[in-house]
Amino acid sequence: VLDIPANAQWTQNGVTIAGDRGAGNAKNQLSYPFGLFVDNDQTIVIADYWNHRIMQWTMGDMNGQVVAGGNGQGNRLDQLDRPTDVMIDKETDSLIICDQWNLRVIQWSRRSGTTHGEILIDNISCFGLAMDDQRYLYISDSGNHEVKRYQIADKIGTIVAGGHGEGAALKQFNWPRYLFVDRQQAVYVSDYYNHRLMKWNKGAKEGIAVAGGQGEGNTLAQLSHPNGLFVDTCGTIYVADEGNHRVMRWPKEAKQGSVIVGGNGKGEGANQFHGPNGLSLDRHGNLYVVDFGNFRVQHFSIQ
Numbered sequence: 002v003l004d005i006p007a008n009a010q011w012t013q014n015g016v017t018i019a020g021d022r023g024a025g026n027a028k029n030q031l032s033y034p035f036g037l038f039v040d041n042d043q044t045i046v047i048a049d050y051w052n053h054r055i056m057q058w059t060m061g062d063m064n065g066q067v068v069a070g071g072n073g074q075g076n077r078l079d080q081l082d083r084p085t086d087v088m089i090d091k092e093t094d095s096l097i098i099c100d101q102w103n104l105r106v107i108q109w110s111r112r113s114g115t116t117h118g119e120i121l122i123d124n125i126s127c128f129g130l131a132m133d134d135q136r137y138l139y140i141s142d143s144g145n146h147e148v149k150r151y152q153i154a155d156k157i158g159t160i161v162a163g164g165h166g167e168g169a170a171l172k173q174f175n176w177p178r179y180l181f182v183d184r185q186q187a188v189y190v191s192d193y194y195n196h197r198l199m200k201w202n203k204g205a206k207e208g209i210a211v212a213g214g215q216g217e218g219n220t221l222a223q224l225s226h227p228n229g230l231f232v233d234t235c236g237t238i239y240v241a242d243e244g245n246h247r248v249m250r251w252p253k254e255a256k257q258g259s260v261i262v263g264g265n266g267k268g269e270g271a272n273q274f275h276g277p278n279g280l281s282l283d284r285h286g287n288l289y290v291v292d293f294g295n296f297r298v299q300h301f302s303i304q
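If you're matching positions, the sequence shown starts at 2 in the working numbering and goes up one per residue.
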């Protein structure tokens, strides 16, 4: 992503680029969507949680296409069970999916004619995933309150954050959700029930609270159930603040953030959210937010 200027602003009214037809399983609908991934060409893939499928939308399309799952809820290799996050792996031209309720991470080829995925990692209470420049895969294991790093063909990961049980100490998490990994292999984690974002530098024994961590609340120094996050090249953090129905931006080492979109109460207006979930930015700095309770994905252009 380009360096985003410190004074950048985004349009306040989002444009719906996926969903927004109520909850459902038609090609133009989503049902409680979670994580998303934005490709360089602005194609997006979305973890369509209650439809047990991964949807792909190309910019400007009215309808999405099912690119993984969509064969009902189940644990066969052609099925998913409440997927929470997804990313595109360019190298293998495949999707990597957190198939949460099947306790597995699935790789699903994007080549046409693919009818099922293959299991990369099993027996993991996975929620979020990220990949670094060296093609290490990072997975948040929410149930075990830790983040693990894997080489792609490796079944046994290494704990890189948490791993000290549930709690609020700097070396602990309480239900880690989404991840972002920077070029220095520092791992940023949304620590959902601790209402904070944690940064674990490579090799660190404990994390640093880089946003929130002042208890649950709606001041500019607080978060309420943080979700999707993104870190730009300046170290500025963008986070979906679920319980406050807003997206916040926290400059590096800031003690408080600012609201960049939302923050206008819970609702279905173009400037509102109902529990923002997944979040990403494209290489131009445009913002994409999964609006969980409104069953849609909102796009906010950088100005």
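Glycine included, C-beta positions come from ideal geometry on N, C-alpha and C.
In terms of residue numbering, what span does the beta strand (DSSP E) encompassing Trp-251 cover?
Within the sequence shown, numbered from 1, the residue matching residue 251 stands at position 250. Element bounds for Trp-251: 247-251.
Within the segment 241-286, ranges of the beta strand (DSSP E) (whole runs, at least 3 residues)
Runs found: 247-251, 259-263 and 277-282.
Compute the distance between the beta-carbons of Gly-208 and His-196, then report whether it is under 9 Å.
Taking the sequence shown and counting its residues from 1, one reaches residue 208 at position 207. Taking the sequence shown and counting its residues from 1, one reaches residue 196 at position 195. Not in contact: Gly-208 and His-196 (Cβ atoms no closer than 9 Å).
Does the beta-carbon of Glu-147 have 16 or more other beta-carbons within 10 angstroms, so that it is buried, or is it exposed?
Residue 147 sits at position 146 when you count from the first residue of the sequence shown. Glu-147 sits buried, since 16 or more C-beta atoms from the chains shown fall within 10 Å of its C-beta.
If you measure between the beta carbons of Gln-80 and Asn-72, is that distance less than 9 Å?
Position 79 of the sequence shown, counting from 1, holds the residue named residue 80. Position 71 of the sequence shown, counting from 1, holds the residue named residue 72. Yes. Within cutoff.
Only counting the same chain, and skipping five residues up and downstream in sequence, which positions put a Cβ closer than 8 Å to that of Tyr-194?
In the sequence shown, the residue the question calls residue 194 occupies position 193. So the list reads Asn-175, Trp-176 and His-226, once near-sequence residues are dropped.
Suppose only complete runs of 4+ residues qualify. What are the alpha helix (DSSP H) ranges in the segment 83-142, listed by chain order?
The segment 83-142 is shown to contain no whole alpha helix (DSSP H) run of 4 or more residues.
Ignoring anything shorter than 3 residues, give me the beta strand (DSSP E) runs that lie fully in the segment 134-198, in order along the chain.
Within the segment 134-198, the complete beta strand (DSSP E) runs of at least 3 residues are 137-142, 147-152, 159-163, 177-182 and 188-192.
Closer than 7 Å by C-beta to Gly-168: which residues in its own chain qualify, once you throw out the five before and the five after it? Chain order, please.
Numbered from 1 along the sequence shown, position 167 holds the residue referred to as residue 168. Within the same chain, Asn-175 come within 7 Å of Gly-168 by CB-CB distance, once the 5 residues on both sides are set aside.
Ile-261 versus Arg-247 - alpha carbon distance:
Residue numbering aside, residue 261 sits at position 260 when the sequence shown is read from its first letter. Residue numbering aside, residue 247 sits at position 246 when the sequence shown is read from its first letter. The straight-line gap from Cα to Cα measures roughly 8 Å.
Endpoints, the beta strand (DSSP E) within which Arg-54 is located:
One-based indexing of the sequence shown puts residue 54 at position 53. Its beta strand (DSSP E) spans residues 54-58.
Assuming the contact rule is C-beta atoms closer than 8 Å, Thr-17 and Arg-297 should be a hit. Round their C-beta distance to whole Å, please.
Counting from one through the sequence shown, the residue named residue 17 turns up at place 16. Counting from one through the sequence shown, the residue named residue 297 turns up at place 296. That pair is a contact at about 5 Å.
What number of angstroms, rounded off, separates the C-alpha of Ala-69 from the C-alpha of Thr-116?
Mapped onto the sequence shown, residue 69 falls at position 68. Mapped onto the sequence shown, residue 116 falls at position 115. Taking the straight line from one Cα to the other gives about 8 Å.
Using a beta-carbon distance below 9 Å, is Ile-238 in contact with chain B?
Absent here is chain B; the protein component of the structure consists of one chain.
May I ask you to report which of helix, strand or coil DSSP gives Asn-295?
In the sequence shown, the residue the question calls residue 295 occupies position 294. Per DSSP, reduced to three states, the secondary structure at Asn-295 is helical.
Skipping 5 residues on each side, what residues in its chain have a beta carbon closer than 8 Å to that of Glu-243?
Position 242 of the sequence shown, counted from the start, is the residue given in the question as residue 243. Cβ contact annotation for Glu-243 (same chain, cutoff 8 Å, sequence separation greater than five): Ser-225, His-226, Pro-227, Asn-228, Gly-276, Pro-277, Asn-278 and Phe-293, in chain order.
Provide the residue(s) that pair with Val-68 in DSSP beta bridges, ordered along the chain.
The count along the sequence shown starts at 1 and reaches residue 68 at position 67. Residue pairing by DSSP places Val-68 in no beta bridge whatsoever.
With Lys-256 and Ala-222 assumed to form a contact (beta carbons below 8 Å), what rounded beta-carbon distance in angstroms separates them?
Numbered from its first residue, the sequence shown carries residue 256 at position 255. Numbered from its first residue, the sequence shown carries residue 222 at position 221. The pair is a contact, with the Cβ atoms about 6 Å apart (cut-off 8 Å).
Beta-bridge pairing of Gly-213 - partner residues as DSSP gives them
Locating residue 213 in the sequence shown gives position 212, where the first residue counts as 1. As computed with DSSP, Gly-213 is found in a beta bridge with Arg-197.
Expressed to the nearest angstrom, what Euclidean distance is found between the alpha-carbon atoms of Gly-216 and Cys-99?
Within the sequence shown, residue 216 is the residue found at index 215, counting from 1. Within the sequence shown, residue 99 is the residue found at index 98, counting from 1. Near 28 Å, if we compare the C-alpha coordinates of Cys-99 and Gly-216.
Going by beta carbon distance, what residues of the same chain come within less than 6 Å of Val-182, once the five residues before and after it are set aside?
Translated into the one-based positions of the sequence shown, residue 182 becomes position 181. Excluding the 5 residues flanking it on each side, Val-182 has same chain C-beta neighbours closer than 6 Å at Ala-131, Asp-133, Tyr-139 and Val-188, in chain order.
List the endpoints of the continuous beta strand (DSSP E) containing Thr-17.
Walking along the sequence shown from the start, residue 17 turns up at place 16. Here the beta strand (DSSP E) through Thr-17 covers 16-20.
Backbone secondary structure at Tyr-239 - three-state DSSP:
What you label residue 239 is simply residue 238 of the sequence shown in a count that begins at 1. In the structure shown, Tyr-239 sits in a strand (DSSP, three-state: E or B).
Identify which residue in Asp-49, Gln-173 and Arg-184 has its Cα closest to the Cα of Lys-203.
Taking the sequence shown and counting its residues from 1, the one referred to as residue 203 is at position 202. Out of Asp-49, Gln-173 and Arg-184, Arg-184 has the C-alpha closest to the C-alpha of Lys-203.
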